[in-house]
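**Student:** Residue numbers (our numbering): 627 to 999.
Quick one: the structure is below, questions incoming.
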Amino acid sequence: MTETPLDIGVLGYEFMGKAHANAFARLPMFFEDAPAINRDVLVGRDAAALSAAADRLDFARTATDWRDVVGEVDVFYNLGPNHVHAAPSIAALEAGTAVLCEKPLAPTLSDAHRMAQAATDAGVTAGIGFNYRYVPAIQYAKRLLDDGVLGDVRHFRGRYLQDWLADPEAPWSWRNDAEMAGSGALGDLGAHTVDLARYLVGEITAVSGQLRTFVDERPTEDGSDRRQVTVDDAYSAQVAFEGEAMGTLEATRVGTGHKNDHTIEIQGTDGSIRFSLERLNELAVLREGNRGYETVLVTEPEDPYLDHWWPPGHVIGWEHTFVHENYEFLSAVANGDDYVPSFDDGVAVQQVLDAIERSDDRREWVSVSDASG
Ligand code: SOE
């Protein structure tokens, strides 16, 4: 690992800014071999709010223009809204700076392609923030699949349900705008599910999808006006994987009673697994010859990352996925290695999202490889 700390620049200090800054603080405490880092500069537009956030999240300095800093740091974290993913990330890569960008990679497939091309041209480490790969129970599931315990996969079911937009008076935000977000539940939540489908099962080749917007306009934050909602509140899709497997995907932001409910089910010829983010330390496993599922508590020292935390049974939470993600990403940067999930993975996910939108427009099955971008 490097002796000199990696200088980190972070664009964004809201939800994702906090999640990653928390991971930066935890790394030296719990992952002794993690590369040393220096929380150098926090980037945002509102100088006063930025300075308060920099104090809270322990950054040495602030900048109100990303152009001033992307070439100065060793690693640039792009945690801003989707419409600011492309330009700063590409500028950072062109300056030879490693980049971690939050998901989805960009609002459009063509922007995602430009970002992936910039990463290839730069030859530096670039990654996308699919943090759910770093749930130990998901990695345990991946090992079972790789070891053939489930046999040949036949079914994948992934659903991601939230309810924060169920109230028609819930305020409008950039997440409701097609220009800024790209899509709604599809890109924000579906991106995670598609990533896990690819990670656990394989490539999706064809889709039949539908999108729905239930609430067409919402009040602005201060209540003085109303703005149009131009993205989906919910999507669902049937998908075909390379090979035999078939799947169903869905996500909603108006799923009353569900806060952050991401569930994955896989059935193979010899066994099945079931995962719920609401019980993220557990994996339900049906093994060949057993009558029912066993619930495996994935907190043993031999389980992924668990030897860094607490004794068995002392469960971990959502925030730990970001610590694991940053451990892997920063180690790749320090070693000059490629990182997975990469920008190419971001593009592959975006192609599936794009295909679901095309299928909804045309009201027919479409091939993922006919991508529009
Ligand atoms: C949306 O509510 C959101 O914050 C997503 O943007 C995150 O990616 C997801 O992990 C939790 O929900």
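Even glycine gets a Cβ: it sits at the ideal position worked out from N, Cα and C.
The model shown is predicted, which means the values in this text are computed figures rather than measured ones.
Please state the DSSP three-state secondary structure of Gln788.
**Tutor:** One-based indexing of the sequence shown puts residue 788 at position 162. Coil.
**Student:** Return the residue from the list Leu637, Ala647 and Trp692 that minimises the CA-CA distance to Phe948.
**Tutor:** Here residue 948 refers to the residue found at position 322 of the sequence shown. It is Ala647 whose Cα lies nearest to the Cα of Phe948.
**Student:** Going residue by residue through the region 796-858, where are the continuous alpha helix (DSSP H) segments of at least 4 residues, counting only ones entirely within it?
**Tutor:** 804-807 and 817-826
**Student:** If we count the other Cβ atoms within 10 Å of its Cβ and call it buried at 16 or more, is Glu954 buried or exposed?
**Tutor:** Here residue 954 refers to the residue found at position 328 when the sequence shown is read from its first residue. Per the 10 Å Cβ criterion, buried.
**Student:** Run through the DSSP bridge pairs and tell me what Val992 is partnered with.
**Tutor:** Translated into positions along the sequence shown, residue 992 becomes position 366. Bridge partners of Val992: Val833.
**Student:** Using the three-state DSSP reduction, which class does Val710 fall into: helix, strand or coil?
**Tutor:** For the purposes of this step, residue 710 is taken as residue 84 along the sequence shown, with counting starting at 1. If DSSP states are grouped into helix, strand and coil, Val710 belongs with the helices.
**Student:** Does the beta-carbon distance from Thr733 to His709 come in below 7 Å?
**Tutor:** The count along the sequence shown starts at 1 and reaches residue 733 at position 107. The count along the sequence shown starts at 1 and reaches residue 709 at position 83. As written in the sequence, residue 733 is Pro, which differs from the Thr given in the question. Yes; because the gap between Cβ atoms is below 7 Å, this pair is in contact.
**Student:** In chain order, what are the residue ranges of uninterrupted beta strand (DSSP E) at least 3 long that sit wholly in the region 873-960?
**Tutor:** 887-894, 898-902, 908-912 and 920-923
**Student:** CB-CB under 7 Å to Asp595, same chain, minus the five flanking residues each way: which ones, in chain order?
**Tutor:** Nothing about residue 595 can be read from this structure; the chain reaches only from 627 to 999.
**Student:** Runs of 4 residues minimum, wholly inside the region 689-734: which ones carry the alpha helix (DSSP H) assignment?
**Tutor:** Within the region 689-734, the complete alpha helix (DSSP H) segments of 4 residues or longer fall at 712-720, listed in chain order.
**Student:** Work out the CA separation of Asp659 and Val701 for me, nearest whole Å.
**Tutor:** For the purposes of this step, residue 701 is identified with residue 75 of the sequence shown, where counting begins at 1. For the purposes of this step, residue 659 is identified with residue 33 of the sequence shown, where counting begins at 1. Their backbone Cα atoms lie some 18 Å apart in a straight line.
**Student:** What are the boundary residues of the beta strand (DSSP E) that includes Ala866?
**Tutor:** As a working mapping, residue 866 is identified with position 240 in the sequence shown. Here the beta strand (DSSP E) through Ala866 covers Ala860 to Phe867.
**Student:** Using DSSP bridges, identify the partner residues of Ile754.
**Tutor:** In the sequence shown, residue 754 corresponds to position 128, counting from 1. Cys727.
**Student:** Among Gln864, Asp980, Glu870 and Val880, which residue has its Cα nearest to the Cα of Val841?
**Tutor:** In the sequence shown, counting from the first residue as 1, residue 841 sits at position 215. Selected option, being the one with the closest Cα: Val880.
**Student:** So, helix, strand or coil for Phe782, using DSSP?
**Tutor:** Here residue 782 refers to the residue found at position 156 when the sequence shown is read from its first residue. When DSSP states are grouped into helix, strand and coil, Phe782 belongs to the strand group.
**Student:** Shortest alpha-carbon distance to Pro938 belongs to which of Pro927, Leu837, Glu945 and Gln893?
**Tutor:** For the purposes of this step, residue 938 is taken as the residue at position 312 of the sequence shown. Ranking the options by Cα distance to Pro938, first place goes to Pro927.
**Student:** Look at Asp789 and His884 and say whether their C-beta atoms are less than 7 Å apart.
**Tutor:** Here residue 789 corresponds to residue number 163 of the sequence shown, with the count starting at 1. Here residue 884 corresponds to residue number 258 of the sequence shown, with the count starting at 1. Yes, the Cβ-Cβ distance between Asp789 and His884 is below 7 Å.
**Student:** Less than 6 Å separating the Cβ of Asp814 from some heavy atom of the ligand SOE?
**Tutor:** Translated into the one-based positions of the sequence shown, residue 814 becomes position 188. Within the cutoff, so yes.
**Student:** Answer yes if the region 791-801 comes into contact with the region 849-859, meaning at least three C-beta pairs across the two stretches below 8 Å, and no otherwise.
**Tutor:** yes
**Student:** According to DSSP, is Arg740 part of a helix, a strand, or is it coil?
**Tutor:** Taking the sequence shown and counting its residues from 1, the one referred to as residue 740 is at position 114. Of the three classes helix, strand and coil, the one that applies to Arg740 here is helix, per DSSP.
**Student:** Does the region 953-972 come into contact with the region 772-787, if we say contact requires no fewer than three beta-carbon pairs (one atom in each stretch) closer than 8 Å?
**Tutor:** no
**Student:** Candidates Ala832, Ala713 and Asp859: which alpha carbon is nearest Leu787's?
**Tutor:** Taking the sequence shown and counting its residues from 1, one reaches residue 787 at position 161. Per the Cα distances, Asp859.
**Student:** Inspect the beta-carbon positions of Val833 and Val865 and report whether they are closer than 7 Å.
**Tutor:** Walking along the sequence shown from the start, residue 833 turns up at place 207. Walking along the sequence shown from the start, residue 865 turns up at place 239. Yes, these two residues count as a Cβ contact at 7 Å.
**Student:** What number of angstroms, rounded off, separates the C-alpha of Ala817 from the C-alpha of Ile892?
**Tutor:** Numbered from its first residue, the sequence shown carries residue 817 at position 191. Numbered from its first residue, the sequence shown carries residue 892 at position 266. Using only the alpha carbons, I get a separation of about 18 Å.
**Student:** Check each candidate in Ala717, Asn916, Leu923 and Glu876 and name the one with the smallest Cα separation from Ile982.
**Tutor:** Here the question's residue 982 lines up with position 356 in the sequence shown. Ranking the options by Cα distance to Ile982, first place goes to Glu876.
**Student:** So the candidates are Leu837, Asp971, Arg900 and Ala673; which of them puts its Cα closest to the Cα of Arg989?
**Tutor:** For the purposes of this step, residue 989 is identified with residue 363 of the sequence shown, where counting begins at 1. Nearest of Leu837, Asp971, Arg900 and Ala673 to Arg989, Cα basis: Leu837.
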